[in-house]
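Participant: Sequential numbering of the sequence shown, starting at 5, is according to the numbering used here. Got a structure for you, written out below as structure tokens; questions coming shortly.
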Amino acid sequence: MYFPPDKIIGYEKMKQLCLLDSEETAFIEGNPGKLHRIGVTGYYASLAGNGRENPLRKQFVPSIKELEILEYEKNDPLCEERFSPSGRIIRRYPDRVLFLATGRCALYCRHCFRRYLGNLSGGDAVREDADTLHRYLVSDRSIREVLISGGDPLMLEDDMLEYLCSGIRKAGRDIAIRIGTRIPVVLPSRIDERLCRMLSRFRPLYVFTQFNHPDEITADSASAVDLLSGSGIPVFNQTVLLKDINNSEMILEELFYRLVSISVKPYYLFQGDLACGTSSFRTNLMEGIDIMEKLRSRMSALSLPLLAVDLPDGGGKALLERGSVIGRENGFFLVRSNEGKVFPYPDE
Ligand SMILES: *Cc1c(COP(=O)(O)O)cnc(C)c1O
Ligand code: SF4
5 MYFPPDKIIG YEKMKQLCLL DSEETAFIEG NPGKLHRIGV TGYYASLAGN
55 GRENPLRKQF VPSIKELEIL EYEKNDPLCE ERFSPSGRII RRYPDRVLFL
105 ATGRCALYCR HCFRRYLGNL SGGDAVREDA DTLHRYLVSD RSIREVLISG
155 GDPLMLEDDM LEYLCSGIRK AGRDIAIRIG TRIPVVLPSR IDERLCRMLS
205 RFRPLYVFTQ FNHPDEITAD SASAVDLLSG SGIPVFNQTV LLKDINNSEM
255 ILEELFYRLV SISVKPYYLF QGDLACGTSS FRTNLMEGID IMEKLRSRMS
305 ALSLPLLAVD LPDGGGKALL ERGSVIGREN GFFLVRSNEG KVFPYPDE
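Rendered as structure tokens:
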């Protein structure tokens with residue numbers, strides 16, 4: 005079956021192309037409005053195998069387990085709304101802000117924790133939103149980094165991205181811009197010379213992408229990354245630890261070595277967030293800690309990311325090591341956050 009690589013394939017088209025089996029279409033159609041949005045790129049669909057157990061396919065084909073919502077799972081697990089000084093700006097930490105550029109993505113990851121953004125009112129950011137961000141940065145000089153996130157910001161047109169970055173740059177010459185995007189992994193053809201030339205004008209600018217499995221590192225994704233690095237844009241990776249997809253010492257070891265071999269620095273390995281319907285993707289908190297301890301005994305710091313978790317109820321990030329888990333109580337681990345406070349995370 006041929007999939008035009010640059011096309012984004014929505015549900016109806018996925019069905020036509022036989023990307024879903026009959027059980028899957030039955031439960032998807034039987035539960036309208038209950039699932040996170042569905043979509044994949046032709047490129048990624050051709051990369052993924054057919055079987056239900058394929059580690060790439062699992063990242064975009066919904067499973068019936070998504071309908072199971074645990075009592076501690078939330079639509080907004082990090083309580084980002086509470087830290088939002090204006091609609092698209094989230095300020096959880098003193099020196100950096102996150103800007104929600106769009107609710108759209110090229111591929112809708114089944115493990116996504118920003119799934120509520122699919123409903124982000126107004127959809128894509130417009131010039132007025134970029135102006136609001138510019139004014140916010142001008143009004144508070146203590147902000148050193150802006151994370152452009154979403155959704156996937158590279159879904160925006162080049163013109164809008166340029167306007168957004170230029171507003172940030174005009175607010176401060178040395179504010180670091182970080183673009184969080186899965187595009188190099190799922191739609192590498194979007195990264196072209198023109199985009200890289202434009203982005204490189206706004207350095208210091210970094211791209212943070214999300215490779216979750218060694219099979220995602222292909223000649224195409226490696227060239228996309230090369231175009232970025234060749235334009236002076238360093239590329240970092242944030243992997244999500246995913247049960248039955250990459251929760252093994254061997255798979256992660258290969259992923260991290262291969263990332264370094266294409267000049268991508270593994271930055272974070274994230275323990276899953278407590279987003280609604282994602283329990284089938286989460287590993288036990290101790291599993292990631294065990295895997296990282298083993299990898300640390302033989303791999304270099306260049307190849308190794310930091311294991312981190314975003315704690316529920318707005319607890320913020322916590323670097324995870326054995327010592328950050330300070331107790332266990334009523335089915336929850338007690339985890340010390342980077343700010344030194346203690347929050348519960350389920351022992352599931
Ligand atoms: C994760 C996160 C950041 C970035 O944190 P780093 O540890 O620097 O990667 C910034 N803002 C928010 C709201 C975040 O969740
Ligand atoms: S690309 Fe990011 S925001 Fe979009 S669905 Fe995947 S994890 Fe969520």
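We put the beta carbon where it would ideally sit given N, CA and C, even for glycine.
Out of curiosity, what's the CA-to-CA distance linking ASP135 and TYR167?
Facilitator: One C-alpha to the other measures close to 9 Å.
Participant: Once the 5 residues before and after TYR272 are set aside, which same chain residues still bring their CB inside 6 Å of it?
Facilitator: Closer than 6 Å at the Cβ level, and outside the excluded window around TYR272, lie GLN242, PRO309, LEU310, ALA312.
Participant: Based on Cα-Cα distance, which residue from LEU324, PRO59, THR282 lies nearest to ARG3?
Facilitator: Residue 3 is absent from the structure shown; the chain starts at 5 and stops at 352.
Participant: Taking the straight line between their C-alpha atoms, what separation do you get for SER88 and ASP133?
Facilitator: So the two alpha carbons sit approximately 14 Å from each other.
Participant: How many angstroms separate the CA atom of THR185 from the CA atom of ASP162?
Facilitator: Computed Cα separation, rounded: 14 Å.
Participant: For a minimum of 4 consecutive residues, which ranges assigned as the alpha helix (DSSP H) are wholly contained in the stretch 236-303?
Facilitator: Those alpha helix (DSSP H) runs which fall completely within the stretch 236-303 and span 4+ residues are 253-265, 289-300.
Participant: Determine contact between the stretch 37-51 and the stretch 100-113, defined as no fewer than three beta-carbon pairs at a distance below 8 Å.
Facilitator: Contact holds: three or more Cβ-Cβ distances are below 8 Å.
Participant: Starting from PHE31, follow the alpha helix (DSSP H) in both directions and report where the run begins and ends.
Facilitator: Where PHE31 is concerned, the enclosing alpha helix (DSSP H) stretches over 26-33.
Participant: Using C-beta distances below 7 Å, list every residue in its chain close to PRO81, excluding the 5 sequence neighbours before and after it, in chain order.
Facilitator: Here the set comprises PHE117, ASP277, LEU278, ALA279, PRO316.
Participant: Leaving aside the five residues before and after SER235 along the sequence, list all residues of the same chain whose C-beta is less than 6 Å from its C-beta, in chain order.
Facilitator: So the qualifying residues of the chain are CYS200, SER204.
Participant: Count the CB pairs spanning the stretch 54-63 and the stretch 244-251 that are closer than 8 Å, and state whether there are at least three.
Facilitator: Enough Cβ pairs lie closer than 8 Å, so yes.
Participant: For ILE179, which option in ARG41, ASP99, PRO348 has the closest C-alpha, if you only look at C-alpha atoms?
Facilitator: Comparing Cα-Cα distances from ILE179 to each of ARG41, ASP99, PRO348, the minimum goes to ASP99.
Participant: Once you ignore the five residues that flank PRO238 on each side, which residues in its own chain have a CB closer than 6 Å to its CB?
Facilitator: Taken in chain order, the residues that qualify are TYR210.
Participant: Under the criterion of a Cβ to heavy atom distance below 8 Å, does ASP80 qualify as lining ligand 2?
Facilitator: It does not: the Cβ of ASP80 is nowhere closer than 8 Å to a heavy atom of ligand 2.
Participant: Any chance the CB of HIS217 is under 8 Å from a heavy atom of ligand 2?
Facilitator: Not under cutoff, so the answer is no.
Participant: Under three-state DSSP, which class holds PRO59?
Facilitator: Three-state DSSP puts PRO59 in coil, outside helix and strand.
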